[in-house]
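Protein chains in written order, with my numbering: chain A, 6 to 324; chain B, 6 to 324. From the three backbone atoms N, C-alpha and C, an ideal C-beta is built for every residue, glycine too. Computed from a prediction, not measured in an experiment: that's the story for all the values here. Working notes, structure below.
Quick look at the structure:
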């Protein structure tokens, strides 16, 4: 086709995915090179730094105003580290390994000099650099997956970790299991003619917050069919075309958010009352006020979320 | 932006995903409405038809030249049906339910009057309609997931199926688990200047076949970062921009293939010898010969695969 450009070199920014929270991980994972020795080798390397997790929270050193998630091995000695369940995340460009490690010390041990934070608090309430937040996301997801696969789903016997925490194997029946990543479709539904978008309030949302509709992609669905099904089930709105926009890792515990713009073909709303407390169309001005934090009536999801990205990019790209 | 079109109404075809194998499932899944009674209610409905599975193969009635995967309940009576592990797939537009059901009869029972086929054979070697192939894909994936989650990964005790096979619950520890869908990135790497693409031969590929590179998206990765990592690890080639093209359900056992075009920034190949038997650049003429089945030296993946779609759409869209 004449004038057809395969890669959109004129896009307002190069890649929307890079602008979402948790996307800053630049570790070299060496995924194809993982062996039974990878973790032990990494533990011996100079410059090793460890991300420590207490249950489903990341441990930060907390001194004066400074929060620091990177531990040298000796700094963990009295927090009851659990090296049998460590996971090798990857390597920094300078060769330093990064490892995620559960620590088993009692909660009271962290009362002074430490702070424990969830993945959500990590991106929302700290100003840690994007790379560290991305590395911690990988730790949250992998440790959670390992902890939920201690026993074999096929025969019920204990499984053992393999190749640095990226595989689990059942010595009893031979079953092998790999880390889980759950794709979720999240969609900004656009009424092009009226220049408005569909937003909803989940029944458990914070007061006043409205966001894009979303739902797990099911086995044996295309992304596009999942988008049409979710929107129809949640709002009664029919969707035509679907345009991929961005993806985001969401480590609560291991989702892959797939963000799209969806062409609305019908405009009457029949809300799924079990899922949504409200669902309605928002004008460009209303969305702009939400993104600019000027709106009293409705709040956008936090900056860094893919929902915020979809809403603000729709404003910018179609202005 | 002036002239900016959010939805590509001039695309050569409306949605590449719809043109891949296993994408034709049009069942109404009623995903948000599933309850503990859904399966029992569906079993009582008129017009119920069942897809039967023996291990990891679909059972087809085979009479003369006709293959038929739809069983009325009475037709399964002497194949040892296992209704405790049935899964409700959804409803046809006319209200008929579709259920996937394991049957436990010995393999020899299927020697006459039946045919057992894998998911791969289903799309490649039969001419069943796309809707049925898509429904069977859902059955393959859900039955496999249920069979691999008989025991609880957290405590090792038996789990029980819930809401028609879309949830499993552990009565011992309360753990709840949902069906698994594994996102895989599959990419056609394009050298725009030389008008050629990168294809590889997996070490277990059929003789002469070359395809797009591919790999599982890992926890805490964006789609785009997974594409760059996979291509770098498998071929040593650096990738810049990534353009989403299509997705495909792949029920072996429950993948979501996410197909993209990837902008090559480097052109020397350092092949991962453990993964790939060969990896090289193919000119437009070579790819065209593969797609047109005129090539002796190299074969394309079967029609219906997302790799075939990426290759043929690259030919058509950039001609």
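With H, G and I counted as helix, E and B as strand and the rest as coil, what does DSSP make of residue i?
i                     : result
residue 135 (chain B) : helix
residue 324 (chain A) : coil
residue 293 (chain A) : helix
residue 282 (chain A) : strand
residue 54 (chain A)  : strand
residue 190 (chain A) : strand
residue 220 (chain A) : strand
residue 30 (chain B)  : coil
residue 66 (chain A)  : strand
residue 250 (chain A) : strand
residue 243 (chain B) : coil
residue 232 (chain A) : helix
residue 167 (chain A) : strand
residue 200 (chain B) : coil
residue 226 (chain A) : coil
residue 261 (chain A) : strand
residue 314 (chain A) : helix
residue 37 (chain B)  : helix
residue 308 (chain A) : coil
residue 270 (chain B) : coil
residue 174 (chain B) : strand
residue 182 (chain B) : strand
Measure from the C-beta of residue i to each C-beta in chain B and report whether the shortest distance is under 8 angstroms.
i                     : result
residue 158 (chain A) : yes
residue 181 (chain A) : no
residue 326 (chain A) : The requested residue 326 (chain A) is not part of the displayed model; chain A covers only 6 to 324.
residue 139 (chain A) : yes
residue 153 (chain A) : yes
residue 317 (chain A) : no
residue 142 (chain A) : yes
residue 224 (chain A) : yes
residue 266 (chain A) : yes
residue 170 (chain A) : no
residue 147 (chain A) : yes
residue 161 (chain A) : yes
residue 310 (chain A) : no
Can you pull the chain B residues whose beta carbon is under 7 angstroms from the beta carbon of residue i, in chain order?
i                     : result
residue 195 (chain A) : 11
residue 188 (chain A) : 186, 188 and 261
Which chain A residues are close to residue i, counting only those with a beta carbon under 7 angstroms from its beta carbon?
i                     : result
residue 185 (chain B) : 185
residue 277 (chain B) : 37
residue 238 (chain B) : 36 and 37
For residue i, decide whether its Cβ has a neighbour in chain A, counting only Cβ atoms nearer than 8 angstroms.
i                     : result
residue 122 (chain B) : no
residue 150 (chain B) : yes
residue 249 (chain B) : yes
residue 234 (chain B) : yes
residue 203 (chain B) : no
residue 305 (chain B) : no
For residue i, which residues in chain A fall below 8 angstroms Cβ to Cβ?
i                   : result
residue 3 (chain B) : The structure shown does not extend to residue 3 (chain B), since chain B is modelled only from 6 to 324, so the question has no answer here.
List the residues of chain B that residue i touches, going by C-beta distances under 9 angstroms, in chain order.
i                     : result
residue 259 (chain A) : 224 and 225
Along chain B, which residues have their Cβ under 8 angstroms away from the Cβ of residue i?
i                     : result
residue 5 (chain A)   : In the structure as shown, chain A begins at 6 and stops at 324. Residue 5 (chain A) is therefore absent and cannot be evaluated.
residue 256 (chain A) : 224 and 225
So which residues on chain A does residue i lean against when the C-beta distance must stay under 9 angstroms?
i                     : result
residue 280 (chain B) : 37
residue 273 (chain B) : Simply none; closest approach about 18 angstroms.
Kindly indicate if chain D contains any beta-carbon less than 8 angstroms away from that of residue i.
i                    : result
residue 29 (chain B) : Looking at the structure shown, chain D is missing, and the protein chains on hand are A and B.
Practice problem: Give, in chain order, every residue of the region 100-111 of chain A whose Cβ lies closer than 8 angstroms to some Cβ of chain B. | Solution: Cβ contacts with chain B come from no residue of the region 100-111 of chain A.
Exercise. With 7 angstroms as the C-beta to C-beta threshold (strictly closer), list the residues of the region 24-45 of chain A near chain B in chain order.
Key: So the list reads 27, 28, 30, 34, 36 and 37, given in the order they occur along the chain.
Practice problem: Taking only runs that begin and end inside the region 76-164 of chain B, name each unbroken beta strand (DSSP E) of 3 or more residues, in chain order. | Solution: Listed in chain order, they are 92-96, 102-107 and 119-122.
Exercise. Using a Cβ-Cβ cut-off of less than 9 angstroms, give me the residues of the region 59-86 of chain A that come near chain B, in sequence order.
Key: Taking 9 angstroms as the Cβ-Cβ cut-off against chain B, none of the residues of the region 59-86 of chain A qualify.
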